[in-house]
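**Student:** Numbering (our numbering), first residue to last: 88 to 192. Even glycine gets a Cβ: it sits at the ideal position worked out from N, Cα and C. The structure follows.
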Amino acid sequence: MRVKGNVSPNVLDIESYRPIPGYVEARLRENINEVTVVDEMTEQEIKMFEYDEYTFVIREREGLREDIEANMADWLVTGRTLEVNEGASIIQDMKAALEIMGVNE
88 MRVKGNVSPN VLDIESYRPI PGYVEARLRE NINEVTVVDE MTEQEIKMFE
138 YDEYTFVIRE REGLREDIEA NMADWLVTGR TLEVNEGASI IQDMKAALEI
188 MGVNE
């Protein structure tokens, strides 16, 4: 999913998934770009970061971080494949392309 934030994100974050003991939430990020947006109220330019983020809830195990880092490309392909919502990066890219071409939704 395409995400915007005001802090440059890590490529990989893993933290406990509180609703299910023994599980973690792994967040993988790619295509991290610095963007400038204009605050509509103050008209000031704000530096932000835009990126693709994929979240996995998986069983916690020793060596998980190393496994994900060693196989990052495969994890990212899985994340892209499972992404099926309106905020999906590919959907956002298609919408942006349609806007550029002057086609409205």
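Counting pairs of Cβ atoms below 8 Å between the region 96-113 and the region 124-134, do you hit three or more?
**Tutor:** no
**Student:** DSSP has residue 101 in a bridge; who is on the other side?
**Tutor:** Looking at the DSSP output, residue 101 shares a beta bridge with 113.
**Student:** What are the uninterrupted segments assigned as alpha helix (DSSP H) that are 4 or more residues long and contained completely in the region 139-176, given in chain order?
**Tutor:** Here the runs fully enclosed are 151-157, 159-169.
**Student:** Is residue 121 close to chain D, meaning its C-beta is less than 8 Å from at least one C-beta of that chain?
**Tutor:** The structure shown contains no chain D; it holds only a single protein chain.
**Student:** Measuring CA to CA, which of 149, 166, 158 is closest to residue 114?
**Tutor:** 166
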